[in-house]
Amino acid sequence: MSLLAPAILVMSSLVLTTPYAGAAASHAPVRMPDVVGLTKTQVYAAMRDAQLFFTTQGPGSADGGWVAVAREVPAAGTLVPWRSTVTLVTSLVAVHPSRPVPRLVGLTKSQAYAAMRHAELFFTTQGPGSADGRWVAVASQSPAPGTLVAWHATIVVRTSLAVPHATRRVPRLIGASRSRALQIARSSQLTLHPEGNGASNDTWTSVLRQSPAPGTLVAWHATVVVVVEKSARRPVTSSTTTSTTSTVPATTTTTYPGETTTSTSTTSTTTVPVTTTTARTTTTTVRRPSKANDFRIGTATWYSTGPAHCATWFLPNGTRLTVRDLATDRAIVCIVTDREAARGTRVVDLSETLFARLAPLAKGVLRVRVSW
């Protein structure tokens with residue numbers, strides 16, 4: 237009897253475990269859930285849903301006083317057998333999960349503080365105005381937006397003393413008339429540079445092509461080059477009448493009773509319809525041809541104004557100028573809108589946008605040829 241009892245226990249254990257082992261082998265593996273940072277209640281719910289068992293290690297695991305999971309073995313997403321047992325490293329304090337870095341570039345100081353406070357992150361500043369807190373906006377950041385970092389991690393932002401303008405999408409200008417294209421470019425805060433028939437004297441009527449393409453993201457006050465055309469006006473066909481005079485022989489006219497009969501030599505007028513083609517009368521202001529002395533050579537600098545504007549002391553407002561850098565042979569077109577305060581060797585003051593198309597703003601002064 238003493239030998240029979242152990243044998244019965246062994247046989248019963250084999251009978252009890254065999255169905256479970258067979259079921260586990262036939263069941264598909266499951267993925268380890270991500271439980272790092274979850275509280276005890278959340279961990280039990282997540283493991284129950286995944287049909288997995290777990291053992292705990294770490295602070296509070298012996299007496300069940302642990303609060304959250306600090307680490308898991310195997311890692312989240314690993315395929316493990318159904319109803320297998322995994323290991324969780326516990327913690328006595330709440331563990332905050334990692335979080336993505338918010339986008340700060342272009343935000344003002346108050347907006348950057350609010351975004352980082354909401355993300356529960358810290359940041360340090362570098363750049364203009366960072367030493368004395370006079371900075372106005374964020375110019376760049378590290379790490380990049382969307383990067384996962386630990387709770388209360390510190391990121392680095394580079395500051396600026398001016399609010400940077402956000403990029404914008406190039407509107408569709410193809411097919412637009414001249415007035416409509418200028419209106420669209422002005423509302424989008426972009427500079428329009430026409431090329432083609434009628435571009436030199438602003439007599440173009442519609443846009444054929446554009447670069448960059450519609451929808452392209454460009455910087456504030458970027459230049460959009462449009463290929464334009466000047467449509468010829470169609471002649472208008474009208475129907476007019478002219479009078480021709482012909483002489484006919486003398487005839488005798490017989491009247492009804494009570495009227496007289498006269499014999500006269502008469503001249504009759506016959507109206508014959510004639511179709512003629514006349515052109516519609518239009519008034520066009522034509523610029524006088526450019527003369528050989530319609531240019532000046534001197535220095536050019538830049539100042540803050542509209543994107544396609546410039547200033548001189550010797551030409552009236554509204555004059556269209558071509559400014560060519562004598563060192564690089566690059567050229568831009570601008571409209572005179574301001575008056576320089578004093579005469580001198582400086583022949584033109586350009587907007588920041590136009591000057592940057594010829595040379596970096598840091599250069600400050602260029603030797604140019606101005607023609608009009």
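In terms of my numbering, the sequence shown opens at residue 237 and continues consecutively. Don't be surprised by glycine CBs; every beta carbon is placed ideally from N, CA and C.
Q: Can you grab the Cα-Cα spacing for the pair residue 284 / residue 454, in whole Å?
A: One-based indexing of the sequence shown puts residue 284 at position 48. One-based indexing of the sequence shown puts residue 454 at position 218. Near 52 Å, if we compare the C-alpha coordinates of residue 454 and residue 284.
Q) Just the Cα atoms here: how many angstroms apart are residue 322 and residue 308? A) Within the sequence shown, the letter at position 86 stands for residue 322. Within the sequence shown, the letter at position 72 stands for residue 308. Residue 322 and residue 308 have their C-alpha atoms some 8 Å from each other.
**Q.** Length at least 4, wholly inside the segment 404 to 432: the alpha helix (DSSP H) runs in chain order
**A.** Runs found: 414 to 423.
Q) Start and end of the beta strand (DSSP E) containing residue 545? A) Within the sequence shown, the letter at position 309 stands for residue 545. Note, residue 545: beta strand (DSSP E), 545 to 548.
Q: Take residue 410 and list the residues in its own chain whose beta-carbon comes closer than 8 Å to its own, dropping the five residues that flank it on each side.
A: For the purposes of this step, residue 410 is taken as residue 174 along the sequence shown, with counting starting at 1. Within the same chain, residue 410 has close Cβ partners 443, 444, 445, 446, 450.
Q. Between residue 534 and residue 581, is the Cβ-Cβ spacing less than 8 Å?
A. The sequence position of residue 534 within the sequence shown is 298, counting from 1. The sequence position of residue 581 within the sequence shown is 345, counting from 1. A contact, by the Cβ cut-off of 8 Å.
Q | residue 227 versus 360, 373, 434, residue with shortest Cα-Cα distance | A | No statement about residue 227 is possible, as the shown extent of the chain runs from 237 to 608 and does not include it.
Q: Report yes if the CB atom of residue 418 is closer than 8 Å to the CB atom of residue 426, and no otherwise.
A: Translated into positions along the sequence shown, residue 418 becomes position 182. Translated into positions along the sequence shown, residue 426 becomes position 190. Against a cut-off of 8 Å, the Cβ pair of residue 426 and residue 418 comes out as no contact.
Q.
Here's the rule I'm using: 16 or more other beta-carbon atoms within 10 Å means buried, otherwise exposed. How should residue 515 be labelled?
A. Locating residue 515 in the sequence shown gives position 279, counting from the first residue. Per-residue confidence for residue 515 stands at a pLDDT of 48, beneath the threshold of 50, marking its modelled position as unreliable; no derived number is given.
Q: Out of 289, 303, 288, point me to the one whose CA is closest to residue 295's CA.
A: Locating residue 295 in the sequence shown gives position 59, where the first residue counts as 1. Closest option to residue 295, Cα to Cα, is 303.
Q. By Cβ distance below 7 Å, which residues in the same chain neighbour residue 310 in space, the five residues on each side in sequence not counted?
A. Position 74 of the sequence shown, counted from the start, is the residue given in the question as residue 310. Residues of the same chain with a CB within less than 7 Å of the CB of residue 310, apart from the 5 flanking positions on each side, are 268, 316, 322 in chain order.
Q.
Quick check on the DSSP output: the beta strand (DSSP E) that includes residue 574 runs from which residue to which?
A. Here the question's residue 574 lines up with position 338 in the sequence shown. DSSP places residue 574 inside the beta strand (DSSP E), whose first and last residues are 567 to 575.
Q: In angstroms with no decimal places, state the Cα-to-Cα distance between residue 525 and residue 606.
A: Here residue 525 refers to the residue found at position 289 when the sequence shown is read from its first residue. Here residue 606 refers to the residue found at position 370 when the sequence shown is read from its first residue. Per-residue confidence for residue 525 stands at a pLDDT of 42, beneath the threshold of 50, marking its modelled position as unreliable; no derived number is given.
Q. Excluding five sequence neighbours on each side, which residues of the same chain lie with their C-beta closer than 8 Å to the C-beta of residue 272?
A. On the sequence shown, residue 272 is found 36 positions in, with the first residue counted as 1. Contacts found: 305, 306, 307, 308, 312, 331, 333.
Q.
What does the alpha-carbon distance come out to for the pair residue 274 and residue 355?
A. Reading the sequence shown from its first residue, position 38 is the one you call residue 274. Reading the sequence shown from its first residue, position 119 is the one you call residue 355. Approximately 18 Å between the Cα atoms of the pair.
(Q) Can you look up residue 438 in the DSSP assignment and give me helix, strand or coil? (A) Counted from its first residue, the sequence shown places residue 438 at position 202. Note: residue 438 maps to coil in three-state DSSP.
Q) With which residues is residue 278 paired in a DSSP beta bridge? A) In the sequence shown, counting from the first residue as 1, residue 278 sits at position 42. According to DSSP, residue 278 bridges with nothing at all.
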